[in-house]
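I have placed the structure first, in the form of structure tokens, so that the comments after it can refer back to it.
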Amino acid sequence: MSKSVLIIGAGVAGLSVGCYAQMNGYHTHIFEQHTRTGGVCTAWQRHGYTIDGCIHWLLGTQPGSWFYELFREVGVFAEGNPLIYIDHYLHLLDESTGMSLDVTTDLERLKADMLAISPQDRARIAELFAGVQRAEGFCHVQAKPRELMGVRDYLQLLWSMRRLLKYVTFDNVSTADFALRMKHPFLRWAIPNIFVPETPIAGTFMILNHLRLGELSLVRGGSHLLPRAIEKYYRALGGEVTCGATVEKILVKNDQAVGIRLADGTEHYADVVISAADGYSTIFSMLEGRYVNARIRRQYTTWELTPRMLMVSFGVDRQFPPGSFENIVAFRRPIIVGPETFPQMWFRTFTYDPTLTPPGKSLIQGLLFSRDFNYWATLYEDRPRYEAEKQRAAAEVLERLEAYLPGLTAHVEVTDVASPYTFWRYARCYQGAAIGWAMTPERLGGYVKKTLPGLKNFYMAGQWLEPGGGVPIAVHSARQTVQLLCHQDGKAFQVLPCQNRQ
Ligand SMILES: Cc1cc2nc3c(=O)[nH]c(=O)nc-3n(C[C@H](O)[C@H](O)[C@H](O)COP(=O)(O)OP(=O)(O)OC[C@H]3O[C@@H](n4cnc5c(N)ncnc54)[C@H](O)[C@@H]3O)c2cc1C
């Protein structure tokens with residue numbers, strides 16, 4: 001008889017766990033607190049505009065790459081390829097000096113532009129691009145879960161990263177620290193912002209290599225369509241989803257997970273429980289902190305979270321010429337919102353995807369990275385003040401955008417603001433950190449176990465197990481969790497081919 005599995009959370013990870021578990025003969029049911037599936041991989045409708053609240057670039061989206069194959073496995077391509085491939089990835093601009101840099105798939109040009117800006121940094125620039133070449137062929141994830149890797153697997157892993165060894169061992173520094181070695185102040189600012197400043201430099205090498213190979217994409221029609229495709233496949237495989245069902249407790253008997261209790265008091269029982277929800281609430285709330293050790297406590301008290309986000313989107317009754325997919329501006333005069341000062345802003349114009357707006361209109365979005373969740377959480381208790389502060393932030397962002405998109409202000413017809421607290425309400429992510437743990441040099445090579453000490457029949461999946469997060473990583477993590485489940489049950493893990501149109 002097939003075992004029953006209850007899955008908590010219908011984000012990309014939960015839905016993917018469902019797909020892989022169904023493929024392996026488990027009978028699964030997902031419970032999702034929100035009224036819709038997808039978790040933080042989402043977009044929402046406002047007066048005819050689709051506000052994309054997630055993907056800026058999706059990794060590994062060329063046929064043959066590991067992540068592409070994973071997307072194929074969970075049905076992302078079942079109705080055709082929804083990806084828009086990125087060529088002009090980023091435009092970086094420093095308002096104070098007027099200096100700028102364009103990051104496209106043409107890395108030779110990027111190198112030449114950097115050299116033109118700072119000939120005295122020749123050696124460091126050469127090291128950066130040599131690093132990108134060293135990243136060729138390296139995949140930072142493994143097909144097997146760490147729990148099942150043996151000596152031979154570790155040796156293979158070591159071999160695959162041999163060309164990057166220097167940067168994953170004694171010179172494992174953050175991209176920001178690597179950039180500090182540059183003499184030119186503009187490059188010291190621009191290089192960390194090509195990807196994520198705190199990420200290990202080896203990670204930036206890899207991203208640039210993916211860009212060069214045309215392996216960064218966006219989802220046509222909005223990020224929400226990616227989990228929607230996975231959900232469709234999951235249901236076709238026989239899985240069930242219940243939305244609007246907040247799990248309050250994981251039921252445990254004799255140190256074995258036996259089911260869940262929902263906020264409405266109903267209980268559901270199964271052979272196995274898998275949480276693909278936020279790690280903190282899973283471990284410390286749903287399981288009341290009963291299955292933790294020193295390592296887990298340390299993790300939750302010392303690990304750095306990804307930045308929180310204040311996202312301001314404008315529906316605009318006019319069009320703008322196409323430009324870079326993404327822009328980052330270092331302000332001459334920072335934006336101040338609540339207790340925080342924001343020295344820079346990301347913005348995108350979405351001109352690459354006309355399906356997001358009514359004809360002849362456009363969508364513009366500004367993004368500020370915040371460290372302060374509590375400010376927004378406390379403010380939310382006084383709704384009029386919370387709403388007023390959101391509108392004030394929106395006005396500031398609009399004023400700054402006007403400099404780059406002249407005429408914008410007069411044509412805004414829709415304003416939408418998502419605060420760090422909005423992300424929490426959407427997916428219950430710990431401290432509003434919608435992308436989970438930051439990938440820092442300290443986290444490189446480490447891993448978070450998919451089980452908890454002393455608790456049987458229980459597993460976890462998703463971004464809280466994989467510092468740095470990301471949509472492909474959420475699918476990957478789900479696959480590994482089901483691999484581990486199959487292993488514990490003495491089954492050979494299998495993947496059923498999906499009828500993909502790609
Ligand atoms: C603004 C933004 C930009 C991003 N950009 C990119 C990008 O460019 N590229 C990229 O690859 N990734 C990006 N990401 C990250 C990526 O979206 C996430 O890493 C990934 O979607 C996480 O999936 P998940 O399923 O692990 O977690 P989540 O999406 O958080 O899913 C967890 C689910 O569990 C549910 N849940 C929580 N608690 C409960 C409960 N008690 N009961 C029931 N259900 C519960 C939540 O509602 C949610 O649906 C971005 C994220 C954001 C927010």
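Here my numbering is used: the first residue of the sequence shown is 1, the next is one more, and so on.
Built from N, CA and C at the ideal position, the CB exists for glycine as well.
These figures come from a predicted structure and were not determined experimentally.
Spatial neighbours of residue i within its chain, please: CB distance less than 8 Å, with the 5 preceding and 5 following residues excluded, ordered by chain position.
{"i": "Gln120", "result": "Lys183, His184"}
{"i": "Leu305", "result": "Tyr430, Gln431, Ala433, Gly436, Trp437, Ala438"}
{"i": "Leu83", "result": "Leu58, Thr61, Ser217, Leu218, Val219, Arg220"}
{"i": "Ala257", "result": "Ile250, Leu251, Val272, Val273, Leu455, Lys456, Asn457, Phe458"}
{"i": "Gly323", "result": "His88, His91, Thr349, Thr351"}
Who are the near neighbours of residue i in its chain, counting only those whose CB is closer than 6 Å to its CB and skipping five residues on each side?
{"i": "Glu147", "result": "Leu484"}
{"i": "Phe178", "result": "Ile201"}
{"i": "Tyr430", "result": "Asp278, Tyr280"}
{"i": "Thr357", "result": "Tyr49, Leu363"}
{"i": "Arg163", "result": "Arg134"}
{"i": "Ala394", "result": "Val312, Thr415, Val417"}
Once DSSP output is grouped into helix, strand and coil, what is the label at residue i?
{"i": "Tyr421", "result": "helix"}
{"i": "Lys253", "result": "strand"}
{"i": "Trp303", "result": "coil"}
{"i": "Phe350", "result": "coil"}
{"i": "Tyr447", "result": "coil"}
{"i": "Ala434", "result": "coil"}
{"i": "Met182", "result": "coil"}
{"i": "Gln344", "result": "strand"}
{"i": "Thr175", "result": "helix"}
{"i": "Val495", "result": "coil"}
{"i": "Arg124", "result": "helix"}
{"i": "Val74", "result": "coil"}
Please go through the same chain and pick out, in chain order, the residues whose beta-carbon is closer than 7 Å to the beta-carbon of residue i, but skip the five residues on each side of it.
{"i": "Asn24", "result": "Val482, Cys486, Lys491, Phe493, Gln494"}
{"i": "Tyr300", "result": "Tyr280"}
{"i": "Pro441", "result": "Asn172, Val173, Ser174, Pro200"}
{"i": "Asp255", "result": "Gly454, Leu455, Lys456"}
Select from the options the residue whose C-alpha is nearest the C-alpha of residue i.
{"i": "Trp549", "options": "Leu90, Ala438, Ile335", "result": "The requested residue 549 does not occur in the structure, where the chain is confined to residues 1 to 502."}
{"i": "Gln156", "options": "Lys166, Thr169, His140, Phe170", "result": "His140"}
{"i": "Pro161", "options": "Val151, Phe195, Met206", "result": "Residue identity differs from the one stated: residue 161 is Met in this sequence, not Pro. Of the candidates Val151, Phe195, Met206, the one whose C-alpha sits nearest the C-alpha of Met161 is Met206."}
{"i": "Tyr404", "options": "Met345, Glu136, Phe369, Gly462", "result": "Met345"}
{"i": "Glu326", "options": "Arg72, Thr37, Leu101, Glu108", "result": "Leu101"}
{"i": "Tyr26", "options": "Arg400, Ser313, Asp271, Val247", "result": "Asp271"}
{"i": "Phe284", "options": "Ala276, Asp113, Ile274, Ile296", "result": "Ile296"}
{"i": "Gly445", "options": "Gly203, Ala116, Gly60, Gly11", "result": "Gly203"}
{"i": "Ile86", "options": "Ala21, Val258, Gln62", "result": "Gln62"}
{"i": "Leu211", "options": "Asn81, Cys19, Leu90", "result": "Leu90"}
{"i": "Tyr167", "options": "Phe138, Glu389, Lys144", "result": "Phe138"}
{"i": "Pro472", "options": "Glu267, Cys41, Phe31", "result": "Cys41"}
{"i": "Gly222", "options": "Asn254, His88, Arg124, Ala43", "result": "Ala43"}
{"i": "Ala474", "options": "Gly462, Arg298, Tyr421, Phe350", "result": "Gly462"}
{"i": "Ala126", "options": "Ile117, His29, Lys111", "result": "Lys111"}
{"i": "Pro343", "options": "Arg332, Ala257, Tyr352", "result": "Arg332"}
{"i": "Arg443", "options": "Glu240, Leu398, Leu465", "result": "Leu465"}
{"i": "Leu6", "options": "Glu387, Arg290, Glu240", "result": "Glu240"}
{"i": "Ile117", "options": "Leu398, Asp153, Arg188, Ala78", "result": "Arg188"}
{"i": "Leu496", "options": "Gly11, Lys3, Thr422, Ala21", "result": "Ala21"}
{"i": "Gly244", "options": "Leu262, Leu237, Arg501", "result": "Leu262"}
{"i": "Gly53", "options": "Gly75, Leu401, Glu389, Leu367", "result": "Leu367"}
Quick one: does the C-beta of residue i sit closer than 7 Å to a heavy atom of ligand 1?
{"i": "Val299", "result": "Strictly speaking, residue 299 in this sequence is Gln, with Val absent from that position. Flag unset: Cβ of Gln299 not near ligand 1."}
{"i": "Thr246", "result": "yes"}
{"i": "Glu32", "result": "yes"}
{"i": "Trp57", "result": "yes"}
{"i": "Phe373", "result": "no"}
{"i": "Gln480", "result": "no"}
{"i": "Pro472", "result": "yes"}
{"i": "Cys54", "result": "yes"}
{"i": "Ile230", "result": "no"}
{"i": "Asp264", "result": "no"}
{"i": "Ile125", "result": "no"}
{"i": "Ala276", "result": "yes"}
{"i": "Gly504", "result": "The structure shown does not extend to residue 504, since the chain is modelled only from 1 through 502, so no value can be given for it."}
{"i": "Met311", "result": "yes"}
{"i": "Ala433", "result": "no"}
{"i": "Ile8", "result": "yes"}
Cβ-heavy atom distance between residue i and ligand 2 below 7 Å?
{"i": "Trp44", "result": "Summarising the ligand content, the structure contains ligand 1 and does not contain ligand 2."}
Any C-beta of chain D sitting closer than 8 Å to the C-beta of residue i?
{"i": "Phe71", "result": "Of the chains in the structure shown, none is chain D; there is only one protein chain."}
_Continuous beta strand (DSSP E) assignments of at least 3 residues falling wholly in the stretch 219–248_ = Within the stretch 219–248, the complete beta strand (DSSP E) runs of at least 3 residues are 240–242.
_Every unbroken beta strand (DSSP E) within the stretch 12–44, with a cutoff of 3 residues, ordered by chain_ = The stretch 12–44 contains these whole beta strand (DSSP E) runs: 27–31.
*Ignoring anything shorter than 3 residues or poking outside the stretch 358–419, list the beta strand (DSSP E) runs there in chain order.*
Listed in chain order, they are 362–370, 412–418.
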